[in-house]
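One structure is given below, encoded as structure tokens.
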Amino acid sequence: IQNHTLTELGPDWKPLWSLKLPILYPSDPQPTQDGNYLIAGYTNPGKIIIIRRDGQVVWSYRAVNGGPLNHPSLAEQLPNGNIIANDDRNHRVIVIDPKTSRILWQYGVTGVAGRAHGYLRVPDGLDIIAEHKLPSGAMTATTTASLGGQVHRVGAVTWHPARYRGKVVV
Numbered sequence: 003i004q005n006h007t008l009t010e011l012g013p014d015w016k017p018l019w020s021l022k023l024p025i026l027y028p029s030d031p032q033p034t035q036d037g038n039y040l041i042a043g044y045t046n047p048g049k050i051i052i053i054r055r056d057g058q059v060v061w062s063y064r065a066v067n068g069g070p071l072n073h074p075s076l077a078e079q080l081p082n083g084n085i086i087a088n089d090d091r092n093h094r095v096i097v098i099d100p101k102t103s104r105i106l107w108q109y110g111v112t113g114v115a116g117r118a119h120g121y122l123r124v125p126d127g128l129d130i131i132a133e134h135k136l137p138s139g140a141m142t143a144t145t146t147a148s149l150g151g152q153v154h155r156v157g158a159v160t161w162h163p164a165r166y167r168g169k170v171v172v
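Be aware that the sequence shown starts at 3, since it is given in the working numbering, and climbs by one per residue.
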């Protein structure tokens, strides 16, 4: 974090390569399907980038809808290519279409912390679990997108799951 560097380590924990990042506070780099790296910039306003090993930024989130990010701490690529991210201090988890930079899905009320249904409080982490690998009876977070009424499934509810048993989380 302090030197803004992404370093890949080998099995012996020795650096294989390093790259200086154009992000002030890089958080939780994740590999993408095509071998690049997805990195959240934990600042306000925050940003999310995809960067190649040669240092070229190939995608950067710019707020088209949903407002600016406030300390995003983790971004991961979903199997369909969309980006799911924690927007910690906006108290939400969002799914972004990288082709349009539009937010397709959100859980939490932007800028409002809470513990009631539909609210989050600094959502610092998420798991992506393939539906076919979910335990029997596990609840999934689902939403109907405004684009053609498609249903997107976004992982399993893992925080206090008993609270959500038998309920649909939207």
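Where is the CB? At the ideal position from N, CA and C, for every residue including glycine.
Alpha-carbon to alpha-carbon, N82 and T34: Spanning the two alpha carbons is a distance of roughly 11 Å.
C-beta contact flag for T45 and Y27 at 8 Å: A contact, by the Cβ cut-off of 8 Å.
Inter-residue Cα distance where the pair is G12 and H119: Between G12 and H119, the alpha-carbon positions lie close to 43 Å from each other.
Uninterrupted beta strand (DSSP E) stretches inside the region 95 to 120 (no shorter than 3 residues): Annotation: the region 95 to 120 contains the following complete segments of the beta strand (DSSP E) (minimum length 3 residues), in chain order: 104 to 109.
With 16 other Cβ atoms within 10 Å as the buried cut-off, status of N88: Taking all protein chains shown into account, N88 has 16 or more neighbouring C-beta atoms within 10 Å of its C-beta and is therefore buried.
Where the beta strand (DSSP E) containing W61 begins and where it ends: Judged by DSSP secondary structure, W61 falls within the beta strand (DSSP E) whose first and last residues are 59 to 62.
Alpha-carbon to alpha-carbon, I105 and D30: The straight-line gap separating the alpha-carbon atoms of D30 and I105 is approximately 21 Å.
D89 - partner residues in DSSP beta bridges: Paired residue(s): P74, R94.
Inter-residue Cα distance where the pair is G37 and Q58: So the alpha carbons of these two residues sit roughly 13 Å apart.
heavy atom of the ligand NAP below 7 Å from Q35 C-beta: For the ligand NAP, the structure offers nothing, since it holds no ligand at all.
Boundaries of the beta strand (DSSP E) in which P31 is found, first to last residue: For P31, the uninterrupted beta strand (DSSP E) segment begins and ends at 28 to 33.
CA-to-CA distance, L122 to I41, given in whole angstroms: So the alpha carbons of these two residues sit roughly 22 Å apart.
Alpha carbon of I51 to alpha carbon of A115, nearest angstrom: Straight across, the Cα-Cα distance linking I51 with A115 is about 26 Å.
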